[in-house]
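A quick write-up on the structure given underneath.
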Amino acid sequence: MVDLSSIKADEVLDCKGLSCPMPMLKTKKALQKLQSGQILEVWSTDPGSKNDIPNMCKKEGHEFLGMIDEPGYTRYFVKKK
Amino acid sequence: MSFKDSLNELYNAMFRSSYSPITGGILLALLVILLEMWYRPWGIVGGLRNWGEWVLYGIGFLEEAPQHPLWFSSSVLDLGLLLGAFLSATLAQEFGIRIPPKLEIIKGIVAGILMGIGSALAQGCNVGGFYMAIANLSASGIAMMLGLMVGVFIGVKYLLWEIEHFSSQGGIEISTKKINPLLGLIALFILFYGIYAYFTSDNENGVKLGGAFLLTAGIGFIMHRSRLCMVNAFREPFLSGEATMAKGVALSLFLTTLGVLFIKMAGIQEANVYVTPTFIWGSLIGGIIFGAAMVVAGGCGSGSLWRVGEGQVKLMIVVVFFSLTNAILRYYLDNVWEIWDKGILGKAVYLPDIFGYGGAFIILAIVILLWYLFVDWNEKTEKFVIGL
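Sequences listed follow chains A and B, in order. Counting from 1, one number per residue, gives the positions in the first sequence under the UniProt record's numbering. Counting from 1, one number per residue, gives the positions in the second sequence under the UniProt record's numbering.
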């Protein structure tokens with residue numbers, strides 16, 4: 001198990017305040033710009049992201065590393081395939 | 001395991017975990033059928049229009065006062081749904097005021113206006129014009145379904161274009177996590193007090209409204225827990241190929257249609273209920289406009305309302321402009337241009353009049369099955385996926 005709080009992400013994507021499907025679409029788009037093995041951190045406030053982002057990773061083959069709830073938003077960590 | 005642990009487990013299963021779209025779809029069908037037996041078909045736009053008309057009356061655009069929102073059934077259905085979604089969101093610690101960046105606010109205004117126009121032409125949104133129209137054996141429901149598919153395709157094209165050209169950041173959430181349990185208790189109190197007040201009122205429809213309030217609160221609750229979203233059902237086959245939500249909605253629609261078939265055969269509801277004079281142009285054109293707009297809005301009629309219930313400010317903006325535009329356009333269509341009598345946007349086609357009850361049901365079942373088979377096939381082959 002990776003210790004999420006110690007992860008240094010290569011890129012941070014701010015999706016706060018956005019509603020479905022924008023956080024998922026933006027995550028997909030941001031992943032395209034990364035190199036294989038790099039880590040993307042996404043900040044989202046939409047409760048739907050808790051299902052959408054892991055599901056998208058599964059479908060696209062990226063590794064979903066986990067999420068951390070912070071006051072007012074959630075941080076998601078994805079490793080590009 | 002102690003008794004307390006068991007209780008905790010039950011609370012988490014019922015109020016915190018998300019239900020699958022299939023579970024949500026089945027529960028939705030059950031509640032919608034009960035509602036139509038108890039009182040009337042489920043709907044969204046009628047209530048929104050009532051709220052919009054109050055604003056128009058307030059600024060002097062309408063001369064006559066609309067019906068009281070607490071005693072007008074369409075409005076009560078929407079209030080119930082909002083309350084149910086709010087209850088679900090607060091009990092699950094998912095409620096929070098989410099303020100989007102500027103671009104999303106503009107999208108909310110434009111999409112809301114277009115949803116108002118589309119739902120006025122089709123005399124219903126994705127609920128009254130599509131889901132409940134099909135369930136009530138109206139040909140208009142099929143026309144709107146086709147329109148929605150075309151519209152959603154256009155909407156998805158726009159979203160993909162936007163993603164390439166704009167990036168909007170800087171939204172915030174005002175977290176209410178600490179007071180969410182309290183807000184949940186307040187919602188529960190309003191629910192029980194509302195039901196009590198309706199059941200003990202002198203109003204001739206008091207008991208019916210009380211039951212409808214409870215049933216639509218249940219609809220809002222389960223829609224929020226399962227994040228049941230008809231935008232997702234129509235959009236994802238084009239965007240990612242994912243068909244889970246589409247299958248949940250298709251199953252739900254099939255069950256509701258079966259239930260309402262018996263309600264109409266038994267004469268519990270009149271044949272012409274929810275059969276609108278919009279076949280084919282009103283439903284088709286309205287469906288295209290509404291379909292494109294709901295993708296940009298990120299919520300359909302029902303989906304926008306339950307997202308308002310979890311504190312999404314963008315969807316609040318959508319609902320305001322949706323309500324106002326629908327109220328204004330319907331005023332002109334109904335009273336000034338008298339368009340329905342002229343039959344320009346189509347006519348009312350009740351399928352059993354032509355094919356009998358059995359034939360009507362078989363036709364609708366085939367339409368729903370074709371949709372199911374299409375999204376399932378597309379999920380595997382990704383033939384219609386135009387994603388990033």
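The beta carbon of each residue, even a glycine, is placed where N, CA and C say it ideally should be.
Within chain A, the residues that residue i reaches when beta carbons sit closer than 8 angstroms
i                      : result
residue 99 of chain B  : 17
residue 163 of chain B : 25, 26, 29
residue 104 of chain B : 17, 18, 19, 22
residue 298 of chain B : 19, 20, 21, 22
Among the options, nearest to residue i - alpha-carbon criterion
i                      : options                    : result
residue 93 of chain A  : A:39, A:27, A:45           : There is simply no residue 93 of chain A to check, as chain A begins at 1 and stops at 81 in what is shown.
residue 154 of chain B : B:293, B:335, B:354, B:382 : B:293
residue 68 of chain A  : A:44, A:81, A:31, A:57     : A:44
residue 242 of chain B : B:327, B:384, B:77         : B:384
residue 104 of chain B : B:129, B:336, B:317, B:379 : B:317
residue 314 of chain B : B:132, B:111, B:95         : B:111
residue 210 of chain B : B:303, B:73, B:286, B:302  : B:73
residue 30 of chain A  : A:22, A:13, A:20           : A:13
residue 61 of chain B  : B:332, B:377, B:341        : B:332
residue 14 of chain B  : B:275, B:218, B:182, B:262 : B:218
residue 340 of chain B : B:386, B:354, B:276        : B:276
residue 319 of chain B : B:47, B:197, B:180         : B:47
residue 202 of chain B : B:71, B:55, B:365          : B:71
residue 166 of chain B : A:21, A:61, A:26           : A:26
residue 53 of chain B  : B:68, B:145, B:378         : B:68
residue 151 of chain B : B:10, B:287, B:7, B:362    : B:287
residue 50 of chain A  : A:80, A:21, A:81           : A:21
residue 359 of chain B : B:261, B:157, B:44         : B:261
residue 237 of chain B : B:182, B:366, B:149        : B:149
Interface partners of residue i on chain B, CB under 7 angstroms
i                     : result
residue 71 of chain A : 175
residue 10 of chain A : Chain B residues near residue 10 of chain A: none, gap ~17 angstroms exceeds 7 angstroms.
residue 81 of chain A : In chain order: nothing, as chain B lies at least about 15 angstroms away.
residue 48 of chain A : 227
residue 3 of chain A  : Within 7 angstroms Cβ-Cβ: nothing; residue 3 of chain A doesn't reach chain B, min ~24 angstroms.
Chain B residues whose Cβ lies nearer than 9 angstroms to that of residue i
i                     : result
residue 32 of chain A : 388
residue 27 of chain A : By Cβ distance, chain B contributes nothing, its closest Cβ being about 10 angstroms from residue 27 of chain A, past 9 angstroms.
residue 23 of chain A : Ordered by position in chain B, no residue passes the 9 angstroms Cβ test against residue 23 of chain A, which lies about 10 angstroms from the chain.
residue 59 of chain A : 240, 241, 242
Within chain A, partners of residue i - CB distance below 7 angstroms
i                     : result
residue 96 of chain B : 45
Cβ of residue i within 9 angstroms of any chain D Cβ
i                      : result
residue 148 of chain B : Here chain D cannot be found, since the structure's protein chains are A and B.
For residue i, the three-state DSSP class (helix, strand or coil)
i                      : result
residue 276 of chain B : coil
residue 70 of chain A  : strand
residue 125 of chain B : coil
residue 357 of chain B : helix
residue 8 of chain A   : coil
residue 16 of chain A  : coil
residue 43 of chain A  : strand
residue 323 of chain B : helix
residue 174 of chain B : strand
residue 201 of chain B : coil
residue 383 of chain B : coil
residue 88 of chain A  : Outside the shown range of chain A (1 to 81) lies residue 88 of chain A, about which nothing can therefore be said.
residue 312 of chain B : strand
residue 138 of chain B : strand
residue 77 of chain A  : strand
residue 98 of chain B  : strand
residue 39 of chain B  : coil
residue 57 of chain B  : helix
Within chain A, the residues that residue i reaches when beta carbons sit closer than 9 angstroms
i                      : result
residue 159 of chain B : 21, 22, 25
Closer than 8 angstroms: residue i CB and nearest the ligand NAP heavy atom
i                      : result
residue 242 of chain B : This structure lacks the ligand NAP, and indeed carries no ligand of any kind.
How about the segment 244-254 of chain B and the segment 22-31 of chain B: do they share at least three Cβ pairs that are nearer than 8 angstroms? With a cut-off of 8 angstroms, the segment 22-31 of chain B and the segment 244-254 of chain B count as touching, because enough Cβ pairs lie within range.
For the segment 306-326 of chain B, list every residue whose C-beta sits within 8 angstroms of some C-beta in chain A, in sequence order. 307, 310, 312, 313, 314, 315
Check distances from the C-beta atoms of the segment 170-197 of chain B to those of chain A and list, in chain order, the residues that come in under 8 angstroms. 170, 171, 172, 173, 174, 175, 177
With 7 angstroms as the C-beta to C-beta threshold (strictly closer), list the residues of the segment 17-50 of chain B near chain A in chain order. 18
Taking a cut of 9 angstroms between CB atoms, which residues from the segment 227-250 of chain B lie near chain A? 227, 229, 231, 232, 235, 236, 239, 240, 241, 242, 244
If contact is defined by three or more beta carbon pairs under 8 angstroms, each pair taking one atom from either stretch, is the segment 254-273 of chain B in contact with the segment 29-38 of chain B? yes
Stretch pair the segment 138-150 of chain B + the segment 343-362 of chain B: three plus CB contacts closer than 8 angstroms: Yes: at least three Cβ pairs fall under 8 angstroms.
Using a Cβ distance threshold of 8 angstroms, determine whether the segment 171-180 of chain B contacts the segment 90-103 of chain B, with at least three qualifying pairs required. yes
Using 8 angstroms as the Cβ pair cut-off and three pairs as the minimum, do the segment 120-127 of chain B and the segment 281-289 of chain B touch? yes
Specify whether the segment 5-24 of chain A and the segment 86-93 of chain B touch according to this definition: at least 3 beta carbon pairs, one from each stretch, less than 8 angstroms apart. no
Contact between the segment 109-116 of chain B and the segment 315-335 of chain B (3+ Cβ pairs under 8 angstroms): yes
Taking three-plus beta-carbon pairs below 8 angstroms as touching, is the segment 55-70 of chain A in contact with the segment 184-195 of chain B? no
Touching or not, the segment 369-376 of chain B and the segment 304-312 of chain B, by the rule of three or more beta carbon pairs under 8 angstroms? By the Cβ test, the segment 369-376 of chain B is not in contact with the segment 304-312 of chain B, since fewer than three Cβ pairs between them sit closer than 8 angstroms.
Counting Cβ pairs closer than 8 angstroms, one from the segment 289-303 of chain B and one from the segment 227-235 of chain B, do we hit at least three? yes
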